[in-house]
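Let me begin by presenting the structure, written as structure tokens, before commenting on it.
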Amino acid sequence: MSALPLRTREPGPQRFRDMSVKVGWGIVAWVVGIAFFLPVLWMVLTAFKPESAAETWPPRFTFSPTLSQFRLVFSGWGPYVTHSVIATVGSTILVLLLGVPAAYALSVHPVKHWRDGLFFFISTKMLPIVAVIGPLYVIALKTHLLDSIWLLIILYTAMNLPLAIWLIRSFMLEVPSELLEASELDGAGRIREMTEVILPVISPGLVSTALICVIFAWNELFLALNLTVTNAATMPMFLISSVPQEGLYIAHLSAAATVASVPVILVGWIAQRSLVRGLSMGAIK
Amino acid sequence: MAVVDTSTLLAPEPVVRPREASRRERWQRRLPLLPALIYIVIVTQIPFLVTLWYSFQNYFFDVPGGAHWAGLSNYKSVFTTAAFRSALWHSVIMTVTAVIVAMILGVLFALLLDRKFIGRGVVRTLIITPFLVMPAAAALVWAGPMLDPNFGLLNYLLQPFGVHHVAWLSTHALGSVIVVMIWQWTPFMMLIVLAGLQGQPADVLEAAKVDGAGALATFRELTFPFLRPYIELGILLGSIYLVNVFDQVRLMTNGGPGTATTNLPFYLYEQVNNAFDVGGAAAAGVITVILTIIVATFALRLFARVFQFEGASS
Amino acid sequence: MAHVRYVSATRVYTKGTPPAVDALDLDVKDGEFMVLVGPSGSGKTTALRMLAGLEPLDGGRVEIGDRDVTWVQPKDRDIAMVFQNYALYPQKTVAENMGFALKMQHVPRPERDRRVREAARLLNLDDQLLDRKPKALSGGQRQRVAMGRAIVRQPQVFLMDEPLSNLDAKLRVQTRSQIAELQRRLGVTTVYVTHDQTEAMTMGNRVAVLSGGQLQQCDTPRQLYDNPVNQFVAGFIGSPAMNLQTVPLTEGGVRLAGTVIPLPTAVRTAASQADLRELVLGIRPEHLHLADGTGELTGEVVLVEDLGSDALLHVRLTGQTDQVVARTEGRKPPAPGQEVTFRVQPDDVFAFHPVTGARLAG
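Protein chains in written order, with the numbering used here: chain A, 7 to 291; chain B, 126 to 439; chain C, 9 to 370.
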């Protein structure tokens, strides 16, 4: 029983209509994607311009590209990027150290009032940090933590911890209960259970959590702006400093903006799949 | 498959049920929680208590003599200050507009991305990038290279439509800030809705096809009801994040022109930084917190109701 | 009501791979209950979806009534489908689920309600269930709602994709007969897909056996059982399965377990014409008659499955490693380890080509 030669029929008018509808919407999607990406593209493009080509009318799409803006950025960013890295990495590590046990206590072997605990954590997220910035400044002043990288680490940890706890908890809840029961039967105590069973299983989840924390810590402006001056100034502050009172600065600003944004953009592109989960605090998988 | 998962929130059966525990057992369970709990309490509640204290004080940075008891006078002046009320109003407008428009666009984009086409992954990456751009960077890039009246790209692109050298940040300041908020948060809404769309069981859609539903009818009767929990979640989370927006206001318009774009976060910032009025800022801060608690309580109740919906599986 | 025809219908998923459905030619008569049966991957579900319009054709055509519907949209084919997982609309009530298609056709509300209630009655769905949502229903109830959704439309053809596979065994048997009875009553042409040959045999007017995308045989259940056209059909239809074994040809028949099983002349002629040294011998379990020591086939009982009414004996015939299954009366079966003998009628024996699987002189 052999088949007749395939595609003996002309695709009927219906098939053709289906295909063109499909292609049509695909084109619309591309247009939308490019339009949305355009400002980013423009930012990167402008970063390669000499200042003279940056503030022109009409805006120029062709010019002789130069790396001088980037060189300027890299010569000036030293302390800023160091502070950003320390604050980001430091707070993320602290978040994981505090968050993993807390999530454990709210999921696998829950405390009696775990619901209250969870809601307490999320409520701190809902309180606007702006409301307490004045007294926070005063406290920082009095404890000599003002303009200190430690202050940022402490505050960023507090900022990301609730989100991390919800997120890590959602991963822990996915550990099959049979696995935990088997390890219990095998005589594993709490610590063993954590290190041998839970952590290995949720390690991709921990990575996603860390990435989300990195995104929020790196981009944070408000606290850095109000509580640091020079000794702990981070990348967002560097950006602000690229806007001088006078003189041309657009190309340099674009280069600084590009450099400042690239790490998080890369992190976000890589962690795309877990972004939704992170942002919805584990509610959407 | 994406699911709006109740199990991570309200009703979840924890993995190992708490047995009738001995005292020791109970403390064993509490112990891991304590570091994080204590940390958060110290770092967030103490500043808040201090804020509360200062709200009843007359304390100006630039006035020597420290803080004096002022009773409720700070609160009185906050409620009577037009600036506070206008900041509140601006916050409401900015948040509501941005959330609604971002959600509508998010749904439309998610519908677009739910179909297969060449380069779908690339387009998805392009659309989510605005969300990943550092808000400070986005603010400065929009303020300068995009919206500047003399060399901004937007004016150039809108020329064929009869738009000439508009100083967006002067004449349409609030709108401009809202546009940047929408630009950065639409991808967030889109991702949430897309997760929902991709969780819709395929055979239900096929059944609708066989039953004679066209594309519009399918969306109206099936897809939209299915997406409701996701849309509600997106609006909820988006509002929480958007109400606190600060970077764009500070860096694009600095609250201006005048106070045209001043929202609550920026108002509080100004009180501390320019007016040096710690007492007044504290009072405004406490009021902001109370308002947020009220809204958050509604929101949390909505959160709870949303999660009774198990992502609609039949 | 209309007849359905597949004419050389073909579906290829990716170029270069064997077709999922390979030039299927099938005629379903008006009002007939046709079952498409086969193992997974046989193409039966794909063939059904091609009829529904949910899969495009890469060759050939599909007809409903006298209309070529190959390029017609599902909604314009006047068909109704029952999905394997029911595909009920989760946010709609039972009544809304069943009335959905009518709503799409702009049938006025009162008429819609009437037809929904009628279908509900037909399926023994309580009125109070009509306002519930699918997740508040049991599996069996959901299955009936899925059927109700199809019945309400009064289409020309019913399509059913393994509608019983998600039910527990007892419910399955019950619902099986209900569906068959319903179809008889309504008289609508039905194409029914299943992997369960028992369902196929008990429900279908005719059964089409598919394997690897190709139609093996389309016949009444009786014919499939008594006259399988090839080895696949012989081994697929009938439970427990037919005993199949490759045996060498010898004078007058074939050699099995040290004895000669005679074959009809026609079969021997066909075998020699095809230059065969051996062939595949098929004997159904009930055709291995337990003889008290007088049978020509001897063996040792390895396992006895006592089913109550019958017993299935797993026997290792003399000189063999493989076992055969024989069916005998349940009352006093032989015990494991016991030596037994069997008698076989030459007419009860099937012979298949060892390479092509085709029946020799069928």
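Glycine residues also receive a C-beta, built at the ideal position from the N, C-alpha and C atoms.
Counting only unbroken stretches of 4 or more residues, the alpha helix (DSSP H) elements lying wholly within the segment 159-229 of chain C are 177-194, 205-211, in sequence order. Cα atoms of T25 of chain C and V199 of chain C: separation of roughly 27 Å, rounded to the nearest angstrom. Per DSSP, S317 of chain C lies in no alpha helix (DSSP H) and is assigned neither H nor E.
Closest in alpha carbon position to H115 of chain A, among A:W48, A:R175, A:P65, is A:R175. Bridge partners of W194 of chain B according to DSSP: B:Q182. Listed along chain B, the residues sitting closer than 9 Å to P82 of chain C by beta-carbon distance are E331, K334, V335, D336, G337. Taking the Cα positions, T163 of chain A is about 38 Å away from L254 of chain A.
If you draw a straight line from the Cα of R345 of chain B to the Cα of T311 of chain B, it comes to about 22 Å. Counting only runs of 4 or more residues that sit fully inside the segment 247-278 of chain A, the alpha helix (DSSP H) segments are 256-276, in chain order. Around the beta carbon of W293 of chain B, a 10 Å sphere encloses 16 or more other beta carbons of the protein chains shown; the residue is thus reported as buried. For S183 of chain A, the secondary structure class from DSSP, reduced to helix, strand or coil, is helix. Here M42 of chain C is bridged, per DSSP, to C:V199, C:R214. Contact between the segment 180-189 of chain A and the segment 119-136 of chain A is not established, with fewer than three Cβ pairs separated by less than 8 Å.
In chain order, L265 make up the part of chain B whose C-beta sits under 7 Å from the C-beta of V249 of chain A.
Counting C-beta pairs with one atom in each stretch, the segment 260-269 of chain A and the segment 48-55 of chain A have three or more that are closer than 8 Å, which means they touch. Ranked by Cα distance from D283 of chain C, the options C:V363, C:P293, C:D234, C:N251 are led by C:V363. Interface flag for N237 of chain A against chain B is unset, since no Cβ pair is found closer than 9 Å.
The beta carbon of A289 of chain A falls within 9 Å of a beta carbon belonging to chain B, placing the residue at that interface. Rounded to the nearest whole angstrom, the C-alpha separation of F67 of chain A and K55 of chain A is 10 Å. No residue range can be given for N235 of chain C, since it is assigned to no alpha helix (DSSP H) and is classified by DSSP as neither H nor E. For G68 of chain C, no alpha helix (DSSP H) run applies; the uninterrupted beta strand (DSSP E) run containing it begins and ends at 67-72, by DSSP.
D239 of chain B sits away from F228 of chain A, with the two beta carbons spaced by 9 Å or more. Taking 8 Å as the upper bound on Cβ-Cβ separation, chain B lies near residues I221, W224, N225, L227, F228, L231, N232 of the segment 219-232 of chain A.
Using a C-beta cut-off of 8 Å, the segment 177-185 of chain B makes contact with the segment 405-419 of chain B, since at least three inter-stretch Cβ pairs fall below that distance. In this structure, the alpha-carbon of V36 of chain C lies about 25 Å from that of R152 of chain C. Taken in chain order, the whole beta strand (DSSP E) runs of length 3 or more contained in the segment 271-310 of chain C are 286-291, 297-299.
Residues of the segment 347-381 of chain B whose Cβ lies closer than 9 Å to any Cβ of chain C, in chain order: L347, P350, F351, R353. Residues of chain B with a Cβ closer than 9 Å to the Cβ of Y21 of chain C do not exist; the shortest Cβ-Cβ separation is about 15 Å.
Counted as a single uninterrupted DSSP element, the stretch harbouring T220 of chain B is not any beta strand (DSSP E) but the alpha helix (DSSP H) occupying residues 207-239. Per DSSP, reduced to three states, the secondary structure at G345 of chain C is coil, with no helix or strand assignment. Within the model, the alpha-carbon separation for R196 of chain A versus L156 of chain B is close to 12 Å.
Between Q222 of chain C and the set C:G51, C:L305, C:Q162, the nearest pair of CA atoms involves C:G51. Taking 9 Å as the threshold, the shortest C-beta distance from L212 of chain A to chain B does not fall below it.
Counting only residues of its own chain and dropping the five nearest sequence neighbours on each side, L179 of chain A has a CB closer than 6 Å to the CB of S113.
When Cβ pairs closer than 8 Å are counted between the two stretches, the segment 346-358 of chain C is seen to touch the segment 301-309 of chain C, the count reaching three or more. Bounds of the beta strand (DSSP E) holding P256 of chain C are 251-258.
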